[in-house]
Amino acid sequence: MTEPRKPNRNQMRSAARLYAVQALFQMEQSGQGVDTVRREFETWRFGVGYEDGEELAEGDADLFRATLEGAVNWQAKIDQMTDRALVAKWPIARIDPTLRALFRAAGAELVEAKAPPKVVITEYVDVAKAFFPEGREPKFVNAVLDHMAREARPEAF
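The letter at position 101 of the sequence shown is residue 100 when you use numbering that gives the first Met the number 0, and the numbering goes up by one with no holes.
Written out as structure tokens, the structure is:
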């Protein structure tokens, strides 16, 4: 029997971003706090195998934690940036809660300024594709995040 391959650093970072969006969504829907949801994800979701043989990738715990903390700590600023990127008829409170969680996670990374904005945009467009494989949402996410990135990190463009 062969050992499963360990995911590489980029895969772990991508998984952490996906988990962060899921965790932020869960926090909003359930009213649970960041510490409770973080512990649940790190204990029960990272790298968990399922009956069909599928296995979730191990997430980069440091990026996951930083993204959650940043999204919570900077939520007002991130939501304001998101509102400015959306058309006036669609404030952040009216958009799909999955997209709201995605914009908050991506916004945290843009505000924290650790990863290049273009990497953040590409990664979260991929997350949008995972949640909305047939929809127009990934293009929408790309446009909104591009606007947010140019506001948060104009020197990078």
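The beta carbon of each residue, even a glycine, is placed where N, CA and C say it ideally should be.
Note that the structure is predicted; figures quoted are calculated from it, not measured.
- Rounded to the nearest whole angstrom, the C-alpha separation of Glu39 and Gly32 is 11 Å.
- For the pair Gln74 and Met11, the Cα-to-Cα distance works out to about 24 Å.
- Under the 8 Å Cβ criterion, the segment 116 to 125 does not count as touching the segment 78 to 96, having fewer than three qualifying pairs.
- The Cβ atoms of Ala65 and Glu27 lie no closer than 8 Å to each other.
- With a contact defined as Cβ atoms closer than 8 Å, Ala105 and Leu144 qualify at about 5 Å.
- With respect to the 8 Å criterion, Ala100 and Phe45 are not classified as neighbours on the basis of their beta carbons.
- The alpha-carbon of Ile91 is positioned some 8 Å away from that of Leu85.
- Proximity to Asn141 across Val36, Tyr18, Arg16, Val119 peaks at Val119, based on C-alpha coordinates.
- With a cutoff of 8 Å on beta-carbon distance, Ala19 and Leu67 are scored as near each other.
- For Pro116, the closest of Pro153, Ala129, Glu57, Asp59 by C-alpha to C-alpha distance is Pro153.
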